[in-house]
Amino acid sequence: MDIAGYMAIRFAFIGGAVVLVVLGLFAVALVLRRMGKLNRARDLVEPVLREQARRRGGLTNMLVERVTKERR
């Protein structure tokens with residue numbers, strides 16, 4: 019098999035992994051929502067994400083600040 023074939027297989031594995039992670043996060047959010055604990059989870063995670071965004075700065079910081087401002 020040539021290099022293009024290996025790259026296509028690698029791309030498929032990476033794409034599949036991303037899809038599985040997104041589905042897993044969606045399932046966790048759905049379970050938390052049904053249990054009525056999604057807002058509590060957001061309140062716990064928000065300070066951590068805000069601190070990470072502050073450290074990174076730039077676009078990440080801007081997006082997190084905008085989302086948290088709209089939520090208030």
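Using our numbering, the letters of the sequence shown correspond one by one to residues 19 to 90.
For each residue, glycine too, the CB sits at the ideal point set by N, CA and C.
Check: How about ALA71 and LEU81: do their beta carbons lie closer than 9 Å?; Outcome: yes
Check: I need the straight-line Cα distance from ARG73 to LEU38, nearest angstrom please.; Outcome: 28 Å
Check: From MET53 to ILE32, what distance separates their C-alpha atoms?; Outcome: 32 Å
Check: So ASP20 is in the alpha helix (DSSP H); what residue range does that whole segment cover?; Outcome: Note, ASP20: premise wrong, no alpha helix (DSSP H); not H, not E.
Check: Do THR86 and GLU64 count as a contact pair if the criterion is CB distance below 9 Å?; Outcome: yes
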